[in-house]
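Undergrad: Questions regarding the structure given below will be posed in turn.
Protein chains in written order, with my numbering: chain A, 17 to 347; chain B, 17 to 347.
Set out below in structure tokens:
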């Protein structure tokens, strides 16, 4: 590993989350799909923001959240993602660098502004996300630092990026660079609706052997495999991937890797306040264990510990000392 | 009261708080004064922001926080304060309106940007604030709506505004309008260092009978009266004011009003996470009781309930249903 500068380099949407509590009736009244991530244009974003209660702004973005978890666990990380040259872009860049993550993507001048995700948090902690992609849609291939990708043990990519043409091209090129350098490629399916839009691409990448580690939750697994049966979907997909990690919310998580299989229950949480980032932080814990060569059950447990931390507070970035939590739980 | 549109109209700094946890050693290393509010220029703000950990942005501003508490208690409120025409200005305007508060001050085009306060939160919950005033320094007298001031039972002003010339002129004019209309003027001293800079002005206003309700914490009382003895300071000041409210952190709060005196202990808090806004929310609870004509002990208890809520989470705006908390505690 001595020639590796990073444990994980991630490419993802650079988003600031705008979060407010809500009642489920408001979700319905505003015509939102509870629990989903919906892309919105500027007009719809304005409409939803006007209807939103007093909010707080916290940096987000799925794979950026995962890196924040990895960095908190002591892993060396780099992020590639596009912000605009505006105040929310400054906020995003500050927060990711302050987490100890290398971030060199230059802000994009002019319109559109930095991406934001309007997140309505229901009383049970479920989050309903409305993403205005803005500048993050324009991540150019030129933002890739080939040397950095080659110097990262794992390239981590989010399915969310598939919704915009330029980032999709960038990520395909990043995957080629990583594979040619003999690095692992990890991929999160992100959202069942993303799979509705781009499932053929994802299935083709899996068939081509481009993905080493795949993260899927129950809804995404169903959308990708076409079967609602969690066990059957996992069994169908597992032979095609070196590592398949499947999460099942409060019911726990499983992994299939090189013919082995392990499952863990969810870690206990006093009070689920906001589930935003649960999957992102699960991926962080799992990957941190994986790059350290820990056994499958330990990797899953590390994922569960990180997910449990992030759903106990508002925001998808960790607040507690994750390394300390893992040490206390696993020694 | 039938000709009154508002229970309280407040004039204050329009600020977005940028908050991150820190260790006390970092406070010292950065040359900050723990627990104080320090004004910083753009260069120092950049330096401190670069040194700050991953943060979250939550609307703040002392008297705006107080109004958020009053609105949560069911009071009709209006706010006057200056933001710039930028993203943080949009955040501030959204959050105050979403709290149900009338806010009509037009954003100021161009530089400087909307005010921000970089808040370092120590492990014991103490907050150390560094305010870049930006646009809020330029609140013009023209932003005052005379009719709205006349239509508010209480005009609430913050000492923090004294640090900039234009807002100081605006607030003096607002006080004249309110007094001529027979409305009450409430004033918070804001910070001991503000009194070091502007105490003569504040003492003159008190002597002139321009202030009906004064809010002071222990440090501010000492700075204003020149005596560190809390009881002696209160006794010296009380005869000059119809209502004097003094807060003493975890030791509770007192009020002197028209020859009467009452004290309450602080309300219990499970875990003090962030003391930002404690005084602001105490003022909210007290004023809400006061405008409803409740007795002094009840007003103080309402203040203590609201302060206890806000120090249990990050941010200076209430998250829980304050009206429900007061009802549960007081019936």
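Glycine is no exception: its CB is placed at the ideal position from the N, C-alpha and C atoms. Since the model is a prediction, treat every value here as computed from it, not as a measurement.
Taking a Cβ distance cut-off of 7 Å, strictly less, list which residues of the stretch 89 to 117 of chain B are near chain A, in chain order.
TA: Under the 7 Å Cβ criterion, the stretch 89 to 117 of chain B contributes 102, 103, 104, 107, 110, 111, 114, 115.
Undergrad: Run the CB neighbour count on residue 199 (chain A), radius 10 Å, all protein chains shown included, and call it buried at 16 or more, exposed below.
TA: So residue 199 (chain A) counts as buried.
Undergrad: In chain B, what lies closer than 7 Å to residue 327 (chain A) by C-beta?
TA: Neighbours of residue 327 (chain A) on chain B: none; closest Cβ ~16 Å, over 7 Å.
Undergrad: If you draw a straight line from the alpha carbon of residue 34 (chain B) to that of residue 327 (chain B), how long is it in whole angstroms?
TA: Whole-angstrom Cα-Cα distance: 16 Å.
Undergrad: Check whether the stretch 271 to 286 of chain A touches the stretch 49 to 66 of chain A, counting contact only when three or more Cβ pairs, one atom from each stretch, lie closer than 8 Å.
TA: They do not touch, by the three-pair rule.
Undergrad: Kindly list the residues whose CB is nearer than 7 Å to the CB of residue 302 (chain B), restricted to its own chain and excluding five residues on each side of it in sequence; keep chain order.
TA: Excluding positions up to five away in sequence, the list reads 261, 315, 316, 318, 319.
Undergrad: Please name the residue in B:250, B:231, B:235 whose C-alpha comes closest to that of residue 306 (chain B).
TA: Closest by alpha carbon: B:231.
Undergrad: Counting along the chain, where does the alpha helix (DSSP H) carrying residue 279 (chain B) start and finish?
TA: Where residue 279 (chain B) is concerned, there is no enclosing alpha helix (DSSP H), although the beta strand (DSSP E) it sits in stretches over 276 to 280.
Undergrad: I need the straight-line Cα distance from residue 191 (chain B) to residue 294 (chain B), nearest angstrom please.
TA: Straight-line Cα distance between these residues: approximately 25 Å.
Undergrad: Could you please tell me which residues of the stretch 65 to 81 of chain A, in chain order, have their CB closer than 8 Å to any CB of chain B?
TA: Those residues of the stretch 65 to 81 of chain A that come within reach of chain B (Cβ to Cβ, closer than 8 Å) are 65, 66, 68, 69, 70, 71, 72, 73, 74, 75.
Undergrad: Determine the contact status of residue 179 (chain B) and residue 201 (chain B), defining contact as a CB-CB distance below 8 Å.
TA: Their beta carbons are not under 8 Å apart, which means residue 179 (chain B) does not touch residue 201 (chain B) by this criterion.
Undergrad: Taking a Cβ distance cut-off of 7 Å, strictly less, list which residues of the stretch 311 to 336 of chain A are near chain B, in chain order.
TA: If the cut-off is 7 Å between Cβ atoms, the stretch 311 to 336 of chain A has 331, 333 near chain B.
Undergrad: Rounded to the nearest angstrom, what separates residue 135 (chain A) and residue 277 (chain A) at their Cα positions?
TA: If I take the Cα positions, the gap works out to 35 Å.
Undergrad: In angstroms with no decimal places, state the Cα-to-Cα distance between residue 97 (chain B) and residue 42 (chain A).
TA: Those two C-alpha atoms are separated by around 30 Å.
Undergrad: Rounding to the nearest angstrom, what Cα-Cα distance links residue 75 (chain B) and residue 332 (chain B) in this structure?
TA: If you take the alpha carbons of residue 75 (chain B) and residue 332 (chain B), they lie about 8 Å apart.
Undergrad: Have a look at residue 168 (chain B) and residue 186 (chain A) and give me their C-alpha separation to the nearest angstrom.
TA: If I take the Cα positions, the gap works out to 57 Å.
Undergrad: Scan the stretch 29 to 70 of chain A and note each continuous beta strand (DSSP E) run of 3 residues or more that stays entirely inside, going in chain order.
TA: Here the runs fully enclosed are 31 to 37, 53 to 55.
Undergrad: Which residues bound the alpha helix (DSSP H) around residue 104 (chain A)?
TA: Taken as a continuous stretch (DSSP letters only), the alpha helix (DSSP H) holding residue 104 (chain A) covers 103 to 114.
Undergrad: 8 Å is my cut-off, CB to CB: does residue 17 (chain A) come that close to chain B?
TA: Summary for residue 17 (chain A): the model assigns pLDDT 46, below 50, so the residue's position carries little reliability; its value from the coordinates is reported in the next sentence. With 8 Å as the cut-off, residue 17 (chain A) does not count as an interface residue toward chain B.
Undergrad: Can you tell me the Cβ-Cβ gap for residue 189 (chain A) and residue 157 (chain A), rounded? I've got them flagged as a contact below 8 Å.
TA: Residue 189 (chain A) to residue 157 (chain A), Cβ: 5 Å. Contact.
Undergrad: Taking the alpha carbon of residue 48 (chain B) as the reference point, which residue from B:91, B:119, B:146 has its own alpha carbon closest?
TA: Per the Cα distances, B:146.
Undergrad: Contact between the stretch 74 to 94 of chain B and the stretch 104 to 112 of chain B: three or more CB pairs below 8 Å?
TA: The stretch 74 to 94 of chain B, when compared against the stretch 104 to 112 of chain B, does touch it at the 8 Å Cβ threshold.
Undergrad: Please classify residue 17 (chain A): does DSSP put it in a helix, a strand, or coil?
TA: Low local confidence applies: a pLDDT of 46 at residue 17 (chain A) is under 50, so the model's placement there is unreliable, and no value is given.
Undergrad: Give the straight-line distance between the Cα atoms of residue 37 (chain A) and residue 325 (chain B), rounded to the nearest whole angstrom.
TA: Using only the alpha carbons, I get a separation of about 16 Å.
Undergrad: Note down the Cα distance separating residue 25 (chain B) from residue 323 (chain B), rounded to an integer number of angstroms.
TA: In a straight line, the C-alpha of residue 25 (chain B) is about 20 Å away from that of residue 323 (chain B).
Undergrad: Using a Cβ-Cβ cut-off of 8 Å, state whether residue 229 (chain B) counts as contacting chain D.
TA: The question asks about chain D, but that chain is absent: this structure's protein chains are A and B.
Undergrad: Considering only C-alpha positions, which residue in the set B:340, B:279, B:266 is nearest to residue 286 (chain B)?
TA: Residue 286 (chain B) has its Cα closest to that of B:266, out of B:340, B:279, B:266.
Undergrad: Could you check where the beta strand (DSSP E) with residue 137 (chain B) kicks off and where it finishes?
TA: Note, residue 137 (chain B): beta strand (DSSP E), 131 to 137.
Undergrad: Quick check on this structure: which residue in A:298, A:283, A:250, A:296 has the alpha carbon closest to the alpha carbon of residue 275 (chain A)?
TA: For the residues A:298, A:283, A:250, A:296, the minimum Cα distance to residue 275 (chain A) belongs to A:250.
Undergrad: Counting only the same chain and skipping the five closest in sequence on each side, list residues whose C-beta sits under 6 Å from that of residue 345 (chain A).
TA: Result list for residue 345 (chain A): 321, in chain order.
Undergrad: Pull the bridge partners of residue 172 (chain B) from the DSSP assignment, please.
TA: Bridge partners of residue 172 (chain B): B:26, B:202.
Undergrad: Taking residue 22 (chain B) and residue 151 (chain B) to be in contact with their CB atoms under 8 Å, please state how far apart those CB atoms are, rounded to whole angstroms.
TA: Not quite, the Cβ-Cβ distance comes to about 24 Å (not below 8 Å), so this is no contact.
Undergrad: Between the stretch 78 to 95 of chain B and the stretch 112 to 129 of chain B, are three or more C-beta pairs nearer than 8 Å?
TA: Segments in contact, yes.
Undergrad: The beta strand (DSSP E) spanning residue 148 (chain B) covers which residue range?
TA: It spans 143 to 148 - the beta strand (DSSP E) in which residue 148 (chain B) sits, taken as one unbroken run.
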